[in-house]
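Engineer:
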Amino acid sequence: MNKVTKTAIVGLLALFAGNAAATDGEIVFDGEILKSACEINDSNKKIEVALGHYNAEQFRSVGDRSPKIPFTIPLVNCPVTGWEHDNGNVEASFRLWLETRDNGTVPNFPNLAKVGSFAGTAATGVGIRIDDAESGNLMPLNAMGNDNTIYQIPADSNGIVNVDLIAYYVSTVEASEITPGEADAVVNVTLDYR
């Protein structure tokens, strides 16, 4: 090959090499830093819910439930001025993210918190379910809440919002398979402002 041909080939290869390094797309980050965010109105940031004591025989079949126990997550310092959310709405609101700790969820029941024991032997065959008190909708565990779990922050609320929930035990096995014991769980709470 002569020198001119080699130079032309090298030039063409260099020209096309730029295309090989071209991007296939881009990631666009969009967000906002809020002036304030809701805080749980408790110095320990802990809500304790006494679900009660029940005889294992009360849970006769899979899906049987204990009485529903209402509880509230009291929030203060919530932002009252709206901002744009992922869905395009401009409002002051948040979603609740509930994440199980330590014990996780009951196998085959991803929205039941698996029970354990803070001191002693843990019960088996039951899990803890959490619902929104107003709508009765299930609060998903370890997953972002859906549009049914959006909580509004009213402009006239002075930044105070109460998230009312209910919790109860649900049996996951037949009565003969339930093992009595402590039935405790810890669920982390995160407020998502997207």
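Numbering (mature numbering (1 follows the signal peptide of the UniProt record, and there is no 0)), first residue to last: -22 to -1, 1 to 172.
Beta carbons are placed, not taken as given, at the ideal position from N, Cα and C, and that holds for glycine.
Name the one or two DSSP bridge partners that residue 48 has.
Structural biologist: Residue 48 pairs with 144.
Engineer: Taking C-beta to C-beta, are residue 53 and residue 140 nearer than 9 angstroms?
Structural biologist: Against a cut-off of 9 angstroms, the Cβ pair of residue 140 and residue 53 comes out as a contact.
Engineer: Could you compute how far the alpha carbon of residue 68 sits from the alpha carbon of residue 62?
Structural biologist: Those two C-alpha atoms are separated by around 4 angstroms.
Engineer: Work out the CA separation of residue 35 and residue 171 for me, nearest whole Å.
Structural biologist: For residue 171 and residue 35, the distance between alpha carbons rounds to 43 angstroms.
Engineer: Considering only C-alpha positions, which residue in the set 16, 47, 7 is nearest to residue 132?
Structural biologist: Residue 132 has its Cα closest to that of 16, out of 16, 47, 7.
Engineer: Classify residue 96 as buried or exposed, calling it buried when 16 or more other Cβ atoms lie within 10 Å of its own Cβ.
Structural biologist: Classification of residue 96: exposed, given that the 10 Å Cβ count is below 16.
Engineer: Assuming contact is defined by CB atoms lying nearer than 9 angstroms, are residue 56 and residue 14 in contact in what I supplied?
Structural biologist: It is a contact, given that the beta carbons lie within the stated cut-off.
Engineer: Quick one: using the 10 Å Cβ neighbour count with 16 as the cut-off for buried, is residue 103 buried or exposed?
Structural biologist: Its Cβ being crowded by 16 or more others within 10 Å, residue 103 is buried.
Engineer: What does DSSP give as the partner residue(s) for residue 18 in the beta ladder?
Structural biologist: DSSP lists 53 as partners of residue 18.
Engineer: Which same chain residues, not among the five before or five after residue 44, have their C-beta less than 6 angstroms away from its C-beta?
Structural biologist: Contacts found: 32, 146, 147.
Engineer: Where DSSP assigns a beta bridge to residue 171, which residues make up the other side?
Structural biologist: DSSP lists no partner for residue 171.
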